[in-house]
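Line by line, the protein sequences give chains U and V.
Taking the working numbering, I'd label the letters of the first sequence as residues 7 to 166.
Taking the working numbering, I'd label the letters of the second sequence as residues 7 to 109.
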Amino acid sequence: MILPETTTVAADEWVSQHRYLRDSGLRFFDLLVAVDLGDQVTEVVTHVMSADATRRAMSRIEVRREERIPSLVEVFPAAAWHEREAHDENGVEFAGNGDLRVLITAADPPPLQRSAALEPRVDKAWPGLYEPGAVSGATRRRRPKPVPGVNEEWINGGRQ
Amino acid sequence: MTAGAPRRRRGSIELDAAKCTSCMICVRECPVWCIELVADKTHDPNAGPRGRSTLELTDFRIDYGLCMDCGICIDVCPTDALAWLPVSVSSAAAASTLNTDLV
Ligand code: SF4
Ligand code: SF4
């Protein structure tokens, strides 16, 4: 499947953009997903298509942690469940969606935010700290650079 | 090879210890921190003017209780020492028993 270009939409045009897409025949609301881009910004992406799947459109919006984006339920009722999921997993707030009840998890921070520590990261030190062949206790010449998604404060085990 | 299984099925991960240089790249890139590696260093003072150090891999553990089959370790390995093995990890009564030494 070849995905269409993704249009970046401002918050005040988020609903009208989707109404326009629906009214031009893209009546199937396929998905809405959220990705934590880091620096307190979450990206929300939607994919809508025509019933015969010949035409598609993707839209994206960036939302800062303390901001809300308007809900799409008045245009696409099917968006309700996806928004509830994005609220549950990424903590995105959708203004106008009256049913953002907990779906799977009530974790704080929500599990798909990059600040959320997975359990092994809290319980143990980063295995990447080990230097092959080093004499135990010897001073390390250089500290390995953590990869993206590994927070500095987790490196030695978050609970210490 | 399991009969009928697609060749690159994500069953479990195979390590070719002879190819592994203990570079730690896979250990550091694994998103769920489930790889642990131990390597011993031996120094031969008679090889060359300053001697030569070699690393010998003694332990390469993947905790299949945590591994999510993402394949990042396989993708990042510079020596292609890791590969998919189309054999699934059996279920176990205790998660701790899924921590498997591949060496
Ligand atoms: S497949 Fe992914 S989760 Fe599993 S050991 Fe490799 S990098 Fe880690
Ligand atoms: S990335 Fe490859 S060579 Fe490096 S430690 Fe892992 S398996 Fe060995």
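Ideal Cβ placement from N, Cα and C applies to all residues, glycine included.
Neighbouring residues, chain V, relative to residue i (Cβ below 8 Å)
{"i": "residue 127 of chain U", "result": "39"}
{"i": "residue 41 of chain U", "result": "In chain order: nothing, as chain V lies at least about 14 Å away."}
{"i": "residue 81 of chain U", "result": "Under the 8 Å cutoff, chain V gives no residues; its nearest Cβ is about 35 Å from residue 81 of chain U."}
Partner residues on chain V for residue i, Cβ-Cβ distance less than 7 Å
{"i": "residue 132 of chain U", "result": "39"}
Beta-carbon spacing of residue i, residue j below 8 Å
{"i": "residue 84 of chain V", "j": "residue 29 of chain V", "result": "yes"}
{"i": "residue 32 of chain U", "j": "residue 61 of chain U", "result": "yes"}
{"i": "residue 71 of chain U", "j": "residue 100 of chain U", "result": "no"}
{"i": "residue 69 of chain V", "j": "residue 43 of chain V", "result": "no"}
{"i": "residue 65 of chain U", "j": "residue 15 of chain U", "result": "yes"}
{"i": "residue 90 of chain V", "j": "residue 16 of chain V", "result": "yes"}
{"i": "residue 67 of chain V", "j": "residue 41 of chain V", "result": "yes"}
{"i": "residue 35 of chain U", "j": "residue 85 of chain U", "result": "yes"}
Same chain, Cβ closer than 7 Å to residue i, neighbours up to 5 away in sequence not counted
{"i": "residue 7 of chain V", "result": "Its pLDDT being 49, under 50, residue 7 of chain V is placed unreliably in this model, and the value from its coordinates should be taken loosely. These residues qualify, in order along the chain: 92."}
{"i": "residue 87 of chain V", "result": "21, 22, 25 and 26"}
{"i": "residue 62 of chain V", "result": "45, 46 and 48"}
Nonlocal neighbours in the same chain, by C-beta distance under 8 Å from residue i, ignoring five residues either side
{"i": "residue 165 of chain U", "result": "Residue confidence is low: residue 165 of chain U scores 48 on pLDDT, short of 50, so the model does not pin down where it sits. Its coordinate-derived value is still stated next. 128 and 129, listed in sequence order."}
{"i": "residue 43 of chain U", "result": "49 and 68"}
{"i": "residue 90 of chain U", "result": "103, 105, 106, 107 and 109"}
{"i": "residue 162 of chain U", "result": "131, 132 and 135"}
{"i": "residue 2 of chain U", "result": "In the structure as shown, chain U starts at 7 and stops at 166, and residue 2 of chain U therefore has no counterpart that could be examined."}
Residue i, enclosing beta strand (DSSP E) - first and last residue
{"i": "residue 99 of chain U", "result": "99-101"}
{"i": "residue 157 of chain U", "result": "First-last for residue 157 of chain U: undefined, no H or E at that position."}
{"i": "residue 114 of chain U", "result": "Segment: none, residue 114 of chain U is in no beta strand (DSSP E) and carries neither H nor E."}
{"i": "residue 22 of chain V", "result": "Counting along the chain, residue 22 of chain V falls outside any beta strand (DSSP E), and DSSP gives it neither H nor E."}
{"i": "residue 44 of chain U", "result": "34-44"}
{"i": "residue 89 of chain V", "result": "88-91"}
{"i": "residue 14 of chain U", "result": "12-14"}
Where the alpha helix (DSSP H) containing residue i begins and where it ends
{"i": "residue 27 of chain U", "result": "20-29"}
{"i": "residue 4 of chain V", "result": "Lying before the first or after the last residue shown, residue 4 of chain V is absent from chain V, which here runs from 7 to 109."}
{"i": "residue 78 of chain V", "result": "78-82"}
Chain-ordered chain U contacts of residue i [CB-CB under 9 Å]
{"i": "residue 43 of chain V", "result": "133, 136 and 138"}
{"i": "residue 91 of chain V", "result": "Under the 9 Å cutoff, chain U gives no residues; its nearest Cβ is about 22 Å from residue 91 of chain V."}
{"i": "residue 61 of chain V", "result": "138 and 139"}
Beta-carbon proximity list for residue i, same chain, < 6 Å, skipping 5 on both sides
{"i": "residue 134 of chain U", "result": "150"}
{"i": "residue 8 of chain U", "result": "none"}
{"i": "residue 17 of chain U", "result": "75"}
{"i": "residue 27 of chain U", "result": "54 and 63"}
{"i": "residue 80 of chain V", "result": "88"}
{"i": "residue 78 of chain V", "result": "35"}
{"i": "residue 72 of chain V", "result": "38 and 40"}
{"i": "residue 10 of chain U", "result": "62, 63 and 64"}
Chain-ordered chain U contacts of residue i [CB-CB under 8 Å]
{"i": "residue 107 of chain V", "result": "Here the premise fails: no neighbours, minimum Cβ distance about 14 Å."}
{"i": "residue 102 of chain V", "result": "What residue 102 of chain V touches in chain U: nothing, since even the nearest Cβ is about 12 Å away."}
Counterpart residues of residue i in DSSP-defined beta bridges
{"i": "residue 74 of chain U", "result": "U:99"}
{"i": "residue 58 of chain V", "result": "V:50"}
{"i": "residue 67 of chain V", "result": "V:42 and V:107"}
{"i": "residue 50 of chain U", "result": "U:40 and U:67"}
{"i": "residue 62 of chain U", "result": "U:55"}
Partners in chain U for residue i, counting only beta-carbon separations shorter than 7 Å
{"i": "residue 46 of chain V", "result": "139"}
{"i": "residue 28 of chain V", "result": "138"}
{"i": "residue 34 of chain V", "result": "134, 150 and 153"}
Contact set between residue i and chain V, taken where Cβ atoms lie within less than 9 Å
{"i": "residue 124 of chain U", "result": "37, 38, 39 and 72"}
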